[in-house]
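Q:
There are 2 protein chains.
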Amino acid sequence: MSLVVVGSIALDTVETPFGSITDGLGGTAVYFSMAASLFAKVSLVGVVGEDFAQQHRQLLESRHVDLSGLATWPGRTFRWHGTYDYDLSVAHTLDTQLNVFAEFKPSLPETYREAQFVFLGNIDPELQLTVLEQIRRPKFTLLDTMNFWIEGKRDKLTEAIERVHAVTMNEAEIREYTQNYSLTAAARQIMALGPKVVLIKRGEYGSVMVTRDGAFLAPAFLLEEVRDPTGAGDSFAGGFMGFLARAGRVEVSLLKQAIVHGGVVASFTVEDFSVNRLARVTHDELNHRYAEFQRMTYFEPLA
Amino acid sequence: MSLVVVGSIALDTVETPFGSITDGLGGTAVYFSMAASLFAKVSLVGVVGEDFAQQHRQLLESRHVDLSGLATWPGRTFRWHGTYDYDLSVAHTLDTQLNVFAEFKPSLPETYREAQFVFLGNIDPELQLTVLEQIRRPKFTLLDTMNFWIEGKRDKLTEAIERVHAVTMNEAEIREYTQNYSLTAAARQIMALGPKVVLIKRGEYGSVMVTRDGAFLAPAFLLEEVRDPTGAGDSFAGGFMGFLARAGRVEVSLLKQAIVHGGVVASFTVEDFSVNRLARVTHDELNHRYAEFQRMTYFEPLA
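Residue numbers (our numbering), protein chains in the order written: chain A, 265 to 567; chain B, 265 to 567.
1. Going along chain B in order, which residues have a C-beta closer than 7 Å to the C-beta of Pro483 of chain A?
2. Does DSSP classify Glu279 of chain B as helix, strand or coil?
3. If you drop the 5 nearest sequence neighbours on each side, which residues of the same chain put their C-beta closer than 8 Å to that of Leu487 of chain B?
4. Per DSSP, what kind of secondary structure is Met410 of chain A in: helix, strand or coil?
5. Would you please verify whether the beta carbon of Thr432 of chain A is less than 8 Å from any beta carbon of chain B?
6. Looking only at its own chain, which residues have a Cβ that is under 7 Å from the Cβ of Met505 of chain B, when we skip the five neighbours before and after it?
7. Can you find the residues in the same chain that come closer than 7 Å, C-beta to C-beta, to Ala450 of chain A, ignoring five residues on each side of it along the sequence?
8. Measure from the C-beta of Val268 of chain A to each C-beta in chain B and report whether the shortest distance is under 8 Å.
9. With distances taken from CA atoms, which of A:Ala511, A:Ala293 and A:Pro389 is nearest Glu415 of chain A?
10. Closest to Ile454 of chain B by C-alpha separation, out of B:Ser471, B:Val428, B:Gly467 and B:Arg466, would be which residue?
11. Alpha carbon to alpha carbon, what distance is there between His547 of chain A and Glu564 of chain A?
12. From the DSSP output, read off the bridge partner residues of Gly310 of chain A.
13. In angstroms, rounded to a whole number, what distance separates the CA positions of Leu457 of chain A and Ile399 of chain A?
14. Show which residues of chain B have a CB atom less than 7 Å away from the CB atom of Ser446 of chain A.
15. From the DSSP output, in three-state form, read off Ile285 of chain A for me.
16. Would the beta-carbon of Lys520 of chain A fall within 8 Å of that of Phe480 of chain A?
17. Flag Phe404 of chain B as yes if its beta-carbon sits less than 8 Å from any beta-carbon of chain A, otherwise no.
18. Does the beta-carbon of Phe571 of chain A have 16 or more other beta-carbons within 10 angstroms, so that it is buried, or is it exposed?
19. In this structure, does DSSP put Val270 of chain B in helix, strand or coil?
20. Leaving out five residues on either side along the sequence, give the residues of the same chain with a beta carbon under 8 Å from the beta carbon of Asn363 of chain B.
21. Alpha helix (DSSP H) containing Thr442 of chain A: first to last residue?
22. Using beta carbons (cut-off 8 Å, strictly below), is Pro493 of chain A in contact with chain B?
23. Could one say the Cβ of Arg466 of chain A lies closer than 8 Å to chain B's Cβ atoms, at least one of them?
24. So the alpha helix (DSSP H) Val490 of chain A belongs to, where does it begin and stop?
25. Residues of chain B with CB under 8 Å from Lys460 of chain A, in chain order?
26. Cβ closer than 9 Å: which chain B residues qualify as neighbours of Ala424 of chain A?
27. Please go through the same chain and pick out, in chain order, the residues whose beta-carbon is closer than 6 Å to the beta-carbon of Val490 of chain A, but skip the five residues on each side of it.
28. Please list, in chain order, the residues of the stretch 542 to 567 of chain B that have any C-beta partner in chain A closer than 9 Å.
29. From Ala511 of chain A to Met410 of chain B, what does the alpha carbon distance come to, in whole angstroms?
30. Got a sec, what are the start and stop residues for the beta strand (DSSP E) Ala482 of chain B sits in?
31. Count the C-beta pairs between the stretch 288 to 297 of chain B and the stretch 494 to 505 of chain B that are closer than 8 Å, then say yes if the count reaches three, no if not.
32. Can Arg513 of chain A be considered in contact with the ligand ATP, in the sense that its beta carbon sits closer than 7 Å to one or more heavy atoms?
33. Around the C-beta of Gln392 of chain A, are 16 or more other C-beta atoms found within 10 angstroms, so that it is buried, or is it exposed?
34. Taking DSSP as the reference, what is the three-state secondary structure of Leu550 of chain B?
35. In whole angstroms, what is the alpha-carbon distance linking Val269 of chain B and Pro459 of chain A?
36. Can you tell me which residues form a DSSP beta bridge with Met473 of chain B?
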């Protein structure tokens, strides 16, 4: 089934204790697309500057990512510069240059408007709303956001949340938005606004999904080595939505499998800088790690 | 099978955003005993002062905890005063009065020395070694420690680690002791010293067990409400060891079930101050939550 992603496309400069990269391909829409395209066809909406390298387009096209919604504007591509110390869970931003992304107005090509699965990256909620207006009959829409919009555009954000099927935030964000420390109570507040699914990201600890059927707890795959955590959350969303789009339907057992796939894909992302590992990962590796994760989490019922 | 615990007995004064308690019954040996006694007979080794209330003894005895190893010395019982803010994962210590605990020298009654399961709370590693010397044929010994001993008595701690079957630390402690950020690599370093099981506590995120068979990931039970996290780690250890002692043997599938029981018991502990909730919990509640946890974590294999 068709899957649309709207979000940033960035050139990231990142330093971690395990290496560094300058102007590496990154951004929400890129990590999401590389992850989701392991499962389904992805249509990308975003903007880049004239400095965006042909090789980056080719990489995305090699994964059958539809780039007809990718605008190229005069100027430079969005750039982010960040570092991580040994506590890889905290990114320290050194510099952000929005460049062409500052004026981003998502406009969906006609062929995208029949999409059934839609991921709204953490852009301005007003833009998220304009995207929703352009999609005719979405089956499953997932919205991400961040503290900047929670603090600066709370009303518009609430309007957008009211119109989607699912919301994803990290623990700090959902607590800030709902002013509720309890994750289950916070999730219920979100569901009271309309969404049926709340997906709470906990970084290296994994994620929690809350639906009306209860909670599902997915720890993160335990890795021997993490080199760069950038893009983990967007890859997680990509694996999740890609898996659902391939299935073509949404039910609780599939949502759980989708979350595990999201975690598995993200576990590859963080093994290398930029999308380097995501670009190499094979279906055999994915399936192997899915099965390994099942062994890592299964325990026997009581006799 | 017989299960011995050695550790602190405290009177805790605790404030959290959800309430407070003054001189509540606490300490490693108490939380451990209350948790483990849900599954097996526990023999406690510790020391209290003359101010230790009769009702506390009676509570432990009502759970068939053997107190013949509990010494009463002239002076006051160990006291701890701490607060938590909304981030319940961090305890802020306001005051510690070791009192009689400062001179604690664990001496095991003759009847304890045949114990097969032993938990060494996070006391001075030299004392942990003297306990091990007093146990004749232990089947499964679990050692806990803390930053104070990692920094101050590293060599003795290593000696103690070399002599136990299993080690439990939290993430920060195992990273500090091994000087290794990767949990799997850190666990392997511990196993190279002798232990077959490494149990890493991750607070509200649950735990990870590493054995030669690989890793087992157990997220923490997702609670609606946490009132006081004090004693969660010791209750976890108690549920874990109590379950194993009841089984009377140690194998990987049982270790996994034991970890889940530890997490389930700890989830009750934190629902109230001191051991108030632990004192009330029923076997039906435990089994119900075990089954609920299984529903919260199970997902289907790939078709």
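Just so it is clear, CB atoms sit at the ideal spot from N, CA and C, and this is done for glycine as well.
Keep in mind it's a predicted model, so treat the numbers as computed, not measured.
A: So, from the data block:
1. Gly470, Leu481 and Pro483
2. strand
3. Ser531, Val534 and Glu535
4. coil
5. no
6. Leu267, Ala300, Phe381, Phe383 and Leu406
7. Ile438, Arg439, Thr442 and Asn444
8. no
9. A:Pro389
10. B:Val428
11. 28 Å
12. Per DSSP, A:Leu334.
13. 20 Å
14. By Cβ distance, chain B contributes Glu488 and Glu489.
15. strand
16. Taking 8 Å as the Cβ cut-off, Lys520 of chain A and Phe480 of chain A qualify as a contacting pair.
17. Not a single CB atom of chain A sits nearer than 8 Å to the CB of Phe404 of chain B.
18. This structure cannot settle anything about residue 571 of chain A, because the visible part of chain A is limited to 265 through 567.
19. strand
20. Gly313, Gly339, Arg340, Thr341, Phe342 and Arg343
21. Glu435 to Thr442
22. Taking Cβ atoms only, chain B never reaches closer than 8 Å to Pro493 of chain A, which makes this a no.
23. Closer than 8 Å: yes.
24. Val490 of chain A: not part of any alpha helix (DSSP H); DSSP gives it neither H nor E.
25. Near Lys460 of chain A there are no residues of chain B at all, since even the closest Cβ is about 18 Å away, more than 8 Å.
26. Those within 9 Å of Ala424 of chain A in chain B number zero; the least Cβ separation is about 26 Å.
27. Leu352 and Val534
28. Asn551, Tyr554, Ala555, Glu556, Phe557, Gln558, Arg559, Met560, Thr561, Tyr562, Phe563, Glu564, Pro565 and Leu566
29. 48 Å
30. Gly478 to Ala482
31. yes
32. In terms of ligand content, the structure shown is empty, and the ligand ATP therefore cannot be addressed.
33. buried
34. Under the three-state reduction of DSSP output, Leu550 of chain B falls in the helix class.
35. 48 Å
36. B:Leu463 and B:Phe480
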